[in-house]
Amino acid sequence: MRIACPFCGERELGEFTYLGDAAPKRPSAFAADGAEQPDAQDLFFDYVYLRDNIAGDMDERWYHGGGCRSWLTVTRNTTTHEIKAVGAAPGAGAQKPAKAGATS
Amino acid sequence: MKNGNALGQRPEQTEMRYSIFSLAKAALSGHKGWTRAWRDPQPKKHYDVVIIGGGGHGLATAYYLAKEYGIRNVAVLEKGWIGSGNAGRNTTIIRSNYMLPGNTGFYELSMKLWERQEQDLNYNTMVSQRGIINLYHSDAQRDAFARRGNVMRINGIDAELLDSEQIRKVLPFLNYNNARFPVMGGLWQPRAGTARHDAVVWGYARAADSFGVDIIQNCEVTGFARDQNGKITGVETARGTISAGKVGMAVAGSTSRVAAMAGMRLPIESHVLQAFVSEAIKPLIPGVITFGAGHFYVSQSDKGGLVFGGDLDGYNSYAQRGNMPVMEDVCEGGMALMPMIGRVRLLRQWGGIMDMSMDGTPIIDRTPIDGLYLNAGWCYGGFKATPASGLVFAHLLARDEPHEEAKRFRLDRFRRGAMIDEKGQGAQPNLH
Chain D
1360 MRIACPFCGE
1370 RELGEFTYLG
1380 DAAPKRPSAF
1390 AADGAEQPDA
1400 QDLFFDYVYL
1410 RDNIAGDMDE
1420 RWYHGGGCRS
1430 WLTVTRNTTT
1440 HEIKAVGAAP
1450 GAGAQKPAKA
1460 GATS
Chain A
56 MKNGNALGQR
66 PEQTEMRYSI
76 FSLAKAALSG
86 HKGWTRAWRD
96 PQPKKHYDVV
106 IIGGGGHGLA
116 TAYYLAKEYG
126 IRNVAVLEKG
136 WIGSGNAGRN
146 TTIIRSNYML
156 PGNTGFYELS
166 MKLWERQEQD
176 LNYNTMVSQR
186 GIINLYHSDA
196 QRDAFARRGN
206 VMRINGIDAE
216 LLDSEQIRKV
226 LPFLNYNNAR
236 FPVMGGLWQP
246 RAGTARHDAV
256 VWGYARAADS
266 FGVDIIQNCE
276 VTGFARDQNG
286 KITGVETARG
296 TISAGKVGMA
306 VAGSTSRVAA
316 MAGMRLPIES
326 HVLQAFVSEA
336 IKPLIPGVIT
346 FGAGHFYVSQ
356 SDKGGLVFGG
366 DLDGYNSYAQ
376 RGNMPVMEDV
386 CEGGMALMPM
396 IGRVRLLRQW
406 GGIMDMSMDG
416 TPIIDRTPID
426 GLYLNAGWCY
436 GGFKATPASG
446 LVFAHLLARD
456 EPHEEAKRFR
466 LDRFRRGAMI
476 DEKGQGAQPN
486 LH
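Protein chains in written order, with our numbering: chain D, 1360 to 1463; chain A, 56 to 487.
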């Protein structure tokens, strides 16, 4: 596998670290009005431990520690390792526009 | 013909007992008298127990169901051929050097079953108790290993702490000049060793078959049959619907996929683990050596190949193949520990799909769905567990309550905060 980082270009896998499925969202223990969520334990159990463990296309978080040190969202097929799309993860900073011409 | 089934497909000769005499007799007749070791039956309409997964664990479960619990109307369904999954993709190591309650007793039970497996099964599974040495490289690691060894001994498991001089005597070929990871000693379990993975599968298949268990290959499970209350009443398969009193899952890396057919989400991720074997060389490595600090472990097969591996690739995968960074990492670990390994050519490399649980420990339990039982979460430690996994899963299926040595491997332990996290990594499966 090689991952085309939107900031650095295509790089070898060894530069990246894997976090996992991008789907789980950290729940809040409190509702909007500040009251405790009655099902907070269920929500956190689900978030921390349960996984869809998808066989097929999955959105995942990868970290480009050997390059720009950005968090990325990679859409990858877990049965073939084919990478369908790579983008910056939410909050990873604005994606730079592609350079018009080659510079060195 | 005892224990034959109604289909009458059972050739008399499968009753043949293997021994030095049967071998001599076959040798004198040009080895033409050998017969198939298990039948190839058509699936029946109904079984008391259907086990999904014809790997070591599924076949061992069927064997113990028939032998220990008297349940013989059993089928093992395998989507490919038996032993074609992780049972044929591991590095054949058996050991019981665990520390946490739940693991120590279970893996020692497995070790004891390995020690009598060949007699139990009347099959040469090449169990070889050549020992395992976990190397340590710092004072802190020595203390941790001493503690582990003490826990093992308190639990009746053999363990000895070796110092650098003792290691030099048995492993003179290691690099003792590594400044970053000096070999200061190791924790030795003499009763650990290796077994022949294919023979384990075939031995359980043959023994289960001799009790009347149907082993049905090329029979992928495609869904579950359920009644109006949601209870599992059977399985849909590539070879038709098979009804069952109880269904047990022993499908390792495919656990989440099969569970999804029943609408279950599990605390499991599937990850790829690679292994490697070199060309055959003369006897070099006396037992199993682990170099945890360098992500490398190695043993030598009876054929002469060095069998070695390291860490998971680290990303979710069902592909049964890995990538280059881990190959590089494993080979670097090997070079750091025993530099002469660089002269040996790599023969083969492969990947298996590990059912990585959230605490690194297996799950053997009933599921919230009536009639469906789970045996999963083996991470990369499934092979050594094969006999005990079969025994305790058979106990669960037969009695509807956990075996004494598996009572901590419950599915709800994550919810209760009763994790068994041997490595202390938390709920990040690719780090276990």
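Built from N, CA and C at the ideal position, the CB exists for glycine as well.
Shown here for residue 278 of chain A: same chain residues with a beta carbon closer than 6 angstroms to its own, the five before and five after excluded, namely 291, 316 in chain order. With 16 or more neighbouring CB atoms inside 10 Å of its own CB, residue 180 of chain A falls in the buried class. Distance from the Cα of residue 1427 of chain D is smallest, within the candidate group D:1419, D:1395, D:1375, for D:1375.
At a cut-off of 7 angstroms, the C-beta of residue 324 of chain A has a neighbouring C-beta in chain D. In this structure residue 325 of chain A is in contact with residue 410 of chain A, their Cβ atoms being roughly 6 angstroms apart against a cut-off of 8 angstroms.
From the listed residues A:430, A:110, A:469, A:426, the smallest Cα separation to residue 103 of chain A is found for A:426. Counted as a single uninterrupted DSSP element, the alpha helix (DSSP H) harbouring residue 169 of chain A occupies residues 158-170. The residues 321, 323, 325, in chain order, have a CB closer than 7 angstroms to that of residue 311 of chain A in the same chain once the five nearest residues on each side in sequence are set aside. For residue 1440 of chain D, the CB contacts under 6 angstroms within the same chain, skipping 5 residues up- and downstream, are 1360 in chain order. Counting along the chain, the unbroken alpha helix (DSSP H) around residue 444 of chain A starts and ends at 437-454.
The alpha carbon of residue 339 of chain A has as its nearest neighbour, out of A:429, A:229, A:377, the alpha carbon of A:229. For residue 377 of chain A and residue 246 of chain A, the gap between their C-alpha atoms comes out near 32 angstroms.
Scanning the segment 1368-1420 of chain D from its first residue to its last, the whole beta strand (DSSP E) runs of 3-plus residues come out as 1368-1371, 1376-1380.
Not a single C-beta of chain A is nearer than 7 angstroms to the C-beta of residue 1434 of chain D.
If you draw a 10 Å sphere on the C-beta of residue 1406 of chain D, you find fewer than 16 other C-beta atoms in it, and that means exposed.
Below 8 angstroms, too few C-beta pairs join the segment 87-100 of chain A and the segment 218-229 of chain A to call them touching: fewer than three.
Chain A places no beta carbon closer than 7 angstroms to that of residue 1368 of chain D, leaving this residue out of the contacts. With respect to chain A, the C-beta atom of residue 1372 of chain D has a partner C-beta closer than 7 angstroms. The alpha-carbon separation between residue 343 of chain A and residue 159 of chain A amounts to approximately 19 angstroms.
Chain D places a beta carbon closer than 7 angstroms to that of residue 369 of chain A, counting this residue as a contact. With distances taken between CA atoms, residue 392 of chain A lies nearest to A:353 out of A:403, A:401, A:353, A:381. Contacts between residue 139 of chain A and chain D, judged by CB atoms closer than 7 angstroms, are missing: the closest CB pair is about 17 angstroms apart.
The beta carbon of residue 92 of chain A sits closer than 8 angstroms to the beta carbons of 69, 257, 260, 261, 264 from its chain, once the five residues preceding and following it are set aside; these are given in chain order.
The DSSP-derived three-state label of residue 345 of chain A is strand. In chain order, 100, 101, 102, 280, 288, 289 place their CB closer than 8 angstroms to the CB of residue 298 of chain A, counting only its own chain and leaving out the 5 sequence neighbours on each side. Taking the Cα positions, residue 250 of chain A is about 19 angstroms away from residue 337 of chain A.
The shortest C-alpha to C-alpha distance from residue 461 of chain A to any of A:155, A:347, A:213 is the one to A:155. Less than 7 angstroms divides the Cβ of residue 141 of chain A from the Cβ of residue 437 of chain A.
With its beta carbon less than 7 angstroms from one in chain A, residue 1407 of chain D belongs to the interface.
Taking a Cβ-Cβ cut-off of 7 angstroms, residue 1420 of chain D has no neighbours in chain A, whose nearest Cβ is about 11 angstroms from it. Contact between residue 94 of chain A and residue 152 of chain A does not hold, since the beta-carbon distance rounds to 39 angstroms and is not under 8 angstroms. One thing to note: residue 1381 of chain D has its Cβ no nearer than 7 angstroms to the Cβ of residue 1410 of chain D. In terms of beta-carbon proximity, residue 166 of chain A stays away from the interface with chain D, with every pair separated by 7 angstroms or more.
Taking the C-beta atoms as reference points, residue 367 of chain A is found nearer than 7 angstroms to residue 328 of chain A. DSSP lists no bridge partner for residue 84 of chain A. Within the segment 397-415 of chain A, the residues whose Cβ lies closer than 7 angstroms to any Cβ of chain D are, in chain order, 413.
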